[in-house]
Amino acid sequence: MSTFQAPKGTYDLLPPDSATYLAVREAIAAPLKNSGYGYIETPGFENVELFARGVGESTDIVTKEMYAFETKGGDKLALRPEGTASVLRAALEANLHKAGNLPVKLWYSGSYYRYERPQKGRYRHFSQVGAEAIGAEDPALDAELIILADQAYRSLGLRNFRILLNSLGCRECRPVYRAALQDFLRGLDLDEDTRRRIEINPLRVLDDKRETVQKQLVGAPALSDYLCDACRAYHKEVRELLAAAGVAFEDDVKLVRGLDYYTRTTFEFVHDGLGSQSAVGGGGRYDGLSEMIGGPALPSVGWALGVDRTVLALEAEGIELDIPASTSVYAVPLGEEARRVLFGVVTELRRAGVATDFSYGGKGLKGAMKNANRSGARYALVAGERDLAEGVVQLKDMESGEQEPVVLDAVLETLRAKLG
Ligand code: AMP
Numbered sequence: 427m428s429t430f431q432a433p434k435g436t437y438d439l440l441p442p443d444s445a446t447y448l449a450v451r452e453a454i455a456a457p458l459k460n461s462g463y464g465y466i467e468t469p470g471f472e473n474v475e476l477f478a479r480g481v482g483e484s485t486d487i488v489t490k491e492m493y494a495f496e497t498k499g500g501d502k503l504a505l506r507p508e509g510t511a512s513v514l515r516a517a518l519e520a521n522l523h524k525a526g527n528l529p530v531k532l533w534y535s536g537s538y539y540r541y542e543r544p545q546k547g548r549y550r551h552f553s554q555v556g557a558e559a560i561g562a563e564d565p566a567l568d569a570e571l572i573i574l575a576d577q578a579y580r581s582l583g584l585r586n587f588r589i590l591l592n593s594l595g596c597r598e599c600r601p602v603y604r605a606a607l608q609d610f611l612r613g614l615d616l617d618e619d620t621r622r623r624i625e626i627n628p629l630r631v632l633d634d635k636r637e638t639v640q641k642q643l644v645g646a647p648a649l650s651d652y653l654c655d656a657c658r659a660y661h662k663e664v665r666e667l668l669a670a671a672g673v674a675f676e677d678d679v680k681l682v683r684g685l686d687y688y689t690r691t692t693f694e695f696v697h698d699g700l701g702s703q704s705a706v707g708g709g710g711r712y713d714g715l716s717e718m719i720g721g722p723a724l725p726s727v728g729w730a731l732g733v734d735r736t737v738l739a740l741e742a743e744g745i746e747l748d749i750p751a752s753t754s755v756y757a758v759p760l761g762e763e764a765r766r767v768l769f770g771v772v773t774e775l776r777r778a779g780v781a782t783d784f785s786y787g788g789k790g791l792k793g794a795m796k797n798a799n800r801s802g803a804r805y806a807l808v809a810g811e812r813d814l815a816e817g818v819v820q821l822k823d824m825e826s827g828e829q830e831p832v833v834l835d836a837v838l839e840t841l842r843a844k845l846g
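Numbering (the working numbering), first residue to last: 427 to 846.
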């Protein structure tokens, strides 16, 4: 074993399992690409201030989980703990919102970093695919995003997930609720930290997972009773559009999520086979975020789905994705001359788009055929001195074991026909 190991809370993606991760990213991205979302990539780190302001000074993500550091040049940066603030920052910086085509619809895929206590489904480095629709207030847009996430999960074969839905109100009605909730919470028996949270972000107390806290929250005022008429109508429309699309959801008045920027529609996708880390994805509307980071008013909505947990959800449901063997043809040269000729054939096949691999390192027939087998290739091409003298290679069907000579010039054509 080497002296180095992957850092705590991280893991490596290795073949063949890594193919599942690629397929999951693809499956989540496909409905977005099909619905007008353009691909965006932002740096892995940003000015720490962007997250402090954008995600929220009082959130766990910012206060406890951020990898923040100072560079040699004195810049205060942080590894990105989430995608939305960066994507919005990039869109504003490039003036995408001024190009006259709102909403700006973007999707992304990448690594995110949170200094969390690692456990199954919770890592310090994880992977998300996300989508943001910037600059439009339209319930159909909220519904679109939820429908597309649902479509992505279903395309993977997932069934045991649920969509939890809530509205967090707006800057008109939430403050009234906030005050009522604070009144209620101040009367409870809570520890110092939680008391402080009541003053900074009381909604997040509702999210406290501890039994002792949850017990006391029975009878807490519900945000749904405080929504203003506009928020109520908006939420009703989102719910009706989802129902019309045949997307089932559950109302969850306690869903607040761990980020400060959400307004109105909030949702989470939970999977019932994942134990405590059951959220496979989540998102919502963030109408105030642009202004919070110094931009104009740009009501927006988005989500991020966790790739790691989606893979765990597949395992929990016993789903094996249908991933075709990466190699179709495996070439085995016997001898120097054959090596040169077959390598040429391999290059030709690859250029023609046939997935081909080659036996390197001058292995004998037995060892090389073992590797051909392991590669999952449907056909092997074997050539020795005698074959070359006759201008042929042996084409072996790895399933039936049958072998036939094929004229060198006809190898590509023959394989194409056989592979379909
Ligand atoms: P959040 O922004 O916290 O709602 O995260 C969105 C999604 O990213 C979650 O539903 C998870 O699937 C995934 N995620 C968040 N944090 C982690 C983590 N520490 N490890 C693995 N996946 C995570």
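Glycine included, C-beta positions come from ideal geometry on N, C-alpha and C.
query: Hey, is D734 close to the ligand AMP, as in C-beta under 7 Å from one of its heavy atoms?; result: yes
query: Pull up the distance between the alpha-carbon of R600 and that of L643, whole angstroms please.; result: 18 Å
query: From this set, V450, D651, K635, A764, which residue's C-alpha is nearest N592's C-alpha?; result: D651
query: Could you compute how far the alpha carbon of T840 sits from the alpha carbon of V832?; result: 8 Å
query: Between G710 and the ligand AMP, is there a pair consisting of the residue's CB and a ligand heavy atom that are separated by less than 7 Å?; result: no
query: Look at the Cβ atom of F552, then the Cβ atom of V706, and state whether they are nearer than 8 Å.; result: no
query: Kindly provide the ranges of any beta strand (DSSP E) runs that are 3 or more residues long and lie completely inside the stretch 543–573, ordered along the chain.; result: 551–560
query: What does a CB cutoff of less than 8 Å around L584 pick up in its chain, not counting 5 residues either side in sequence?; result: H697, T736, A739, L740, E743, I745
query: Drop a sphere of 10 angstroms on the beta-carbon of R711, count the other beta-carbons inside from all chains shown, and report buried for 16 or more, exposed for fewer.; result: buried
query: Is it the case that the stretch 539–551 contacts the stretch 427–436, given that we only count it when at least three CB pairs across the two stretches are under 8 Å?; result: yes
query: Heavy atom of the ligand AMP less than 7 Å from the Cβ of Q545, yes or no?; result: no
query: Considering only C-alpha positions, which residue in the set A778, F784, D813 is nearest to L845?; result: A778
query: Buried or exposed: A549, going by 16 or more other Cβ atoms within 10 Å of its Cβ?; result: Before going further, note that residue 549 is Tyr rather than Ala in the sequence given. Classification for Y549: buried.
query: Since A794 and V755 should fall inside the 8 Å C-beta cutoff, what is the C-beta to C-beta distance between them, to a whole number of angstroms?; result: In fact, because the Cβ distance is near 13 Å, the residues do not count as touching under 8 Å.
query: Which same chain residues, not among the five before or five after I454, have their C-beta less than 7 Å away from its C-beta?; result: V555, A578, L731
query: What is the DSSP secondary structure of L715, reduced to helix, strand or coil?; result: helix
query: Applying the criterion that 16 or more other CB atoms from any shown protein chain within 10 Å of the CB defines a buried residue, is F495 buried or exposed?; result: exposed
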